[in-house]
Every structure is written in structure tokens, then in C-alpha cells.
Amino acid sequence: MSRSRAVNSYYDLLGVPPHATELEIRSAYGRDVLRLQESASEKVAQFRAALDAAFATLVDPEKRSEYDETLAAAAQLNAMGADEDSEAAFRYARRGGLWFAGGALVTAVTYAFSEGTYFLAWGPLLFGGFQLVRGLLRYLTVPSGARQAAHLAVLGGLIAVGVLSAGFVGLSEAQAAQEAAETQKWIALIDTTSLDIAKATELIKSVANRSDPWDASYSADMEKASALYANVADAVAAATAPARIEWYRVAMAKNFREAAAITHEYALLTAKSPASAFEALDNRWKTRLDERAALSDRFEAQEGTAP
1 MSRSRAVNSY YDLLGVPPHA TELEIRSAYG RDVLRLQESA SEKVAQFRAA
51 LDAAFATLVD PEKRSEYDET LAAAAQLNAM GADEDSEAAF RYARRGGLWF
101 AGGALVTAVT YAFSEGTYFL AWGPLLFGGF QLVRGLLRYL TVPSGARQAA
151 HLAVLGGLIA VGVLSAGFVG LSEAQAAQEA AETQKWIALI DTTSLDIAKA
201 TELIKSVANR SDPWDASYSA DMEKASALYA NVADAVAAAT APARIEWYRV
251 AMAKNFREAA AITHEYALLT AKSPASAFEA LDNRWKTRLD ERAALSDRFE
301 AQEGTAP
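Structure below.
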């Protein structure tokens, strides 16, 4: 005989509810006895003995009352045990949640008050995440009916704190990676434009060191210098720089643009140009150099190194 019902009590054995009437119990017992007669084995005999014991208990009002009291007491003990298991599992999961939230906060604070990437700072976050997984796996062994809303709220809050802190760390990592890439591009720009700047500077110095009257060669050299400065200004204006030195990139693009404009105006002068025209351009050039020096000083004060 095949039976698929779960057997936890005499009621389950007979397949009747706890509130079944005596008639329902007798009917269920008779049905099962008839089925048992279809086969004979040691297991069937054992089952028949259990069936007889259940029937004898449930059709006797006094025995049934005592049996129901025993079932109720056992159910209460099981409930208390489930509550204790739930509390123990919650404490374990909460400990894991605290490790996760605390570790994530430590890592986030490290990134908030420092610059760069710190792999050691990831230790608390990773360890906390491991503890959280262990705690949650333990808590998931508790039956869903025994999980309290307060427990879930506490665990959810701790997880939220940890996830937000971990998100901040991830964002900091992404920003650091982007800034590192922009820094490399900025360094490459400096390397690329340094030769043009050096050539333009040499042309300016060669003109300044001459003592003979202004002639077409002076203008030609100044026009070459102007073209070089214009190329540098265009490159700096089109480039990207880390956010912290964006002000420097913008200011230097403007400064090189001014250098290109001044040298172009020098190139337009002739030997017949008034001295005041030369003096005005000399003053503009000096002002540009002073502004560039001020920018370099500000950059060095901020970055701790010369630009």
C-alpha cells in the first residue's frame, strides 16, 4: 500500500483534521483497514498497529483530550524552539551585517579623506562582505514564518549602509581611474608642446638679443614664433586635464593665445614704426610673463610641484 501523507500525529496518520468528528475518524480508520487487507508484510503489520493505536486514542473522549493537550504542549515547545533558533540566526546575521556596514564605512572614509587607490583599505569591506554572506545564509535556514519583520528591517538597514558605502568606494575608484587617465593625457600634451614652446622662446630671445635696426628678418622670426604659440594654444584649449587643474589648462591656453597675438603684432612692425608701438608690445609681453609666473606659483602651491 502506498501512502503519501505526512505523518506528524494520529490525525495525520488517519488523514483527518484535528477537529474531525468520531464518525469521520471511524470512517477513515475503516477505509485504511480495508486497504491494508490488500497486502501483507511486516511493514503493513507495523502500520496497522499504529493505525489501531491512533483509532483507539481518538475515539475515546478522555484519551483524545489528553492526546490533544500533549500535541498542544509539543507545538508550543516547537514554537519556542523555532523562536530561539530565529533569534540565534538573527544575532549571527546581524553580526555579519555590522561587519559589512562597518567595513564598508571604514573603506569609504579612507577614500573620502585620501587621494588615489588603496587596496589595503578594501580589506574591511571584503571581510565584512564575507561575514554578511555567512550571516544571511544562516538566517535563511530559519522558516519564513519565524522571520520577524523587525529582524528583516535591521538587516536591510545594515545592508543598505554597506551597499551605499561600497557604492561610494566604487565611484571613488572610477573617478580616480578617470583622473589618472586624464593626468597621463595632460603629461603627454606637455611633452608634445614643449618642443614648440622651446622653439618659440629661442626665436624671441634671438630677436631680443639683436642690436641692429628692425628689419624683415625680425618680423619673419616673430611670425614663426606666433605660429608656434598659436599651435600650442590650440592644443591646450582642445585638451583635457584633471578636474583639480582645469583652471590651469584654461588659463594657460589663454596665455599662449596672448603670446601668439603679441608676437604676430611684433611681426607687423617695421623699422619706421614708432618707439611707442614697440614699448606697448614690450609691456604686454612682460605682463604675459608675469601672469604665467603667477599661474606657475599657484600650480606649485596646489600640487607641490612645478608645472
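With the first letter of the sequence shown counted as 1, position 242 gets the number 242 in this note's numbering; the numbers rise by one all the way through.
Each residue gets a CB set at the ideal place from its N, CA and C atoms; glycine is no exception.
(request) Compute the beta-carbon to beta-carbon distance between Leu51 and Leu13, rounded to the nearest angstrom, for a pair I have assumed lies under 8 angstroms. (result) 6 angstroms
(message) At the level of alpha carbons, what is the spacing between Phe278 and Ile197?
(response) 22 angstroms
(request) For Ala259, collect the residues of the same chain with a Cβ closer than 7 angstroms to its Cβ; drop the 5 residues on either side in sequence, then sort them by chain order. (result) Tyr229 and Arg288
(request) Report the rounded CA-to-CA distance for Val161 versus Ala104, giving the unit in angstroms. (result) 8 angstroms
(message) Using only CA atoms, which one of Leu164, Asp221, Arg284 and Thr305 lies nearest to Leu268?
(response) Asp221
(request) Please say whether Leu36 and Arg48 have beta carbons closer to each other than 9 angstroms? (result) yes
(request) Report yes if the C-beta distance between Ile245 and Gln302 is below 9 angstroms; otherwise report no. (result) yes
(request) Identify which residue in Leu203, Leu189, Trp285 and Asp290 has its Cα closest to the Cα of Pro242. (result) Leu189
(request) Take the Cβ of Val142 as the centre, count every other Cβ of all protein chains shown within 10 Å, and call the residue buried at 16 or more, exposed below. (result) buried
(message) Once DSSP output is grouped into helix, strand and coil, what is the label at Asn209?
(response) coil
(message) Going by C-alpha to C-alpha distance, which of Leu295, Ser219, Glu291 and Ser165 sits closest to Lys272?
(response) Ser219
(request) Would you decide whether Asp60 is buried or exposed? Buried here means 16 or more other CB atoms lie within 10 Å of its CB. (result) exposed
(request) Verify whether the separation of the beta carbon atoms of Ala181 and Thr263 is less than 9 angstroms. (result) no
(request) Could you pull out every residue in the same chain whose Cβ sits closer than 6 angstroms to the Cβ of Val44, ignoring the five residues on either side in sequence? (result) Leu36
(message) Rounded to the nearest angstrom, what separates Lys286 and Ile187 at their Cα positions?
(response) 27 angstroms
(request) With Ala216 as the anchor, note down where its alpha helix (DSSP H) starts and where it stops. (result) Ala216 to Ala238
(request) Return the CA-CA distance between Val207 and Tyr266, expressed in angstroms with no decimal places. (result) 10 angstroms
(message) Considering only the alpha carbon of each residue, which of Glu66, Thr270 and Val236 lies closest to Asn255?
(response) Val236
(request) Please classify His19: is it buried, with 16 or more other beta-carbons within 10 angstroms of its beta-carbon, or exposed? (result) exposed
(message) Please identify the residue among Glu87, Tyr10 and Phe299 whose C-alpha is closest to the C-alpha of Val154.
(response) Glu87
(message) List, from N- to C-terminal side, the alpha helix (DSSP H) runs of 4 residues or more that fit wholly inside the stretch 235-296.
(response) 246-267
(message) One question on the structure: do Ala54 and Tyr92 come within less than 9 angstroms of each other, judged by their Cβ atoms?
(response) no
(message) Checking 9 angstroms against the spacing of the C-beta atoms, do Phe90 and Tyr10 come in under that value?
(response) no
(message) Give me, in chain order, the residues of the same chain whose beta-carbon lies closer than 8 angstroms to that of Asp309; leave out the 5 immediate sequence neighbours on both sides.
(response) What the structure shows of the chain is the stretch from 1 to 307, and residue 309 is not part of that stretch, so it cannot be assessed.
(request) Identify every run of the alpha helix (DSSP H) within the stretch 117-201, keeping only runs that are complete inside it and at least 4 residues long; order them along the chain. (result) 122-139
(request) Return the CA-CA distance between Asn8 and Thr57, expressed in angstroms with no decimal places. (result) 15 angstroms
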